Amino acid sequence: MYFSVNTLTQAITAHKYLGSAAKHALNELGTPAPFQLDPVKVFNETAGNNPFVLQNISDAFESISESDDTAAQELAASYKKAIDNFYD
Numbered sequence: 747m748y749f750s751v752n753t754l755t756q757a758i759t760a761h762k763y764l765g766s767a768a769k770h771a772l773n774e775l776g777t778p779a780p781f782q783l784d785p786v787k788v789f790n791e792t793a794g795n796n797p798f799v800l801q802n803i804s805d806a807f808e809s810i811s812e813s814d815d816t817a818a819q820e821l822a823a824s825y826k827k828a829i830d831n832f833y834d
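Counting along the sequence shown from 1, when you hit position 19 you're at 765 in the working numbering, and nothing is skipped either side.
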């Protein structure tokens, strides 16, 4: 499982594949990846200029563990919501 995280809005979306997470982030930025190009590569080339972060599930747990108590609870709730939405 992978997540696209908008660091400005704190919106988190769960995805089955890293490529899907990259496509989502690029679409949200208004710059979808061309059809035949690797969306992760395109995302990485724009990573310095956008508010999105792509994370695997391990990274998600690490970001929760490094947060203070209140932030960790809010972050955990956001990841839970993203996962619930993924499986609905």
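Every residue gets a Cβ at the ideal spot worked out from N, C-alpha and C, and that includes glycine. No experiment lies behind these values; they were computed from the predicted model shown.
Between which two residues does the beta strand (DSSP E) carrying residue i extend?
i, result
"Ser727", "Any answer about residue 727 is impossible in this case: the structure gives the chain only from 747 up to 834."
"Phe832", "Here Phe832 belongs to no beta strand (DSSP E); instead the alpha helix (DSSP H) covers Asp815 to Tyr833."
With the cut-off set at 8 Å, would you say residue i and residue j are in Cβ contact?
i, j, result
"Ile810", "Leu821", "yes"
"Phe807", "Asn752", "no"
"Leu775", "Asn796", "yes"
"Thr755", "Thr777", "no"
Which residues in the same chain as residue i place their Cβ atom closer than 6 Å to its Cβ, once the five residues preceding and following it in sequence are excluded?
i, result
"Ser824", "Ile758"
"Val788", "Ala779"
Going along the chain, which residues of its own chain have a beta-carbon closer than 8 Å to the beta-carbon of residue i, five neighbours each way excluded?
i, result
"Val786", "Leu764, Gly765, Ala768 and Leu800"
Rounded C-beta distance between residue i and residue j? I'm assuming under 8 Å.
i, j, result
"Ala760", "Asn831", "7 Å"
"Asn802", "Tyr748", "6 Å"
By DSSP's criteria, residue i is part of a beta bridge. Which residues make up the other side?
i, result
"Ile810", "Its beta-bridge partners do not exist; DSSP assigns none."
"Gln801", "Phe749"
"His761", "Tyr748"
First and last residue of the alpha helix (DSSP H) that includes residue i?
i, result
"Ala757", "That residue, Ala757, is in no alpha helix (DSSP H); it is neither H nor E in DSSP."
"Phe789", "Pro785 to Thr792"
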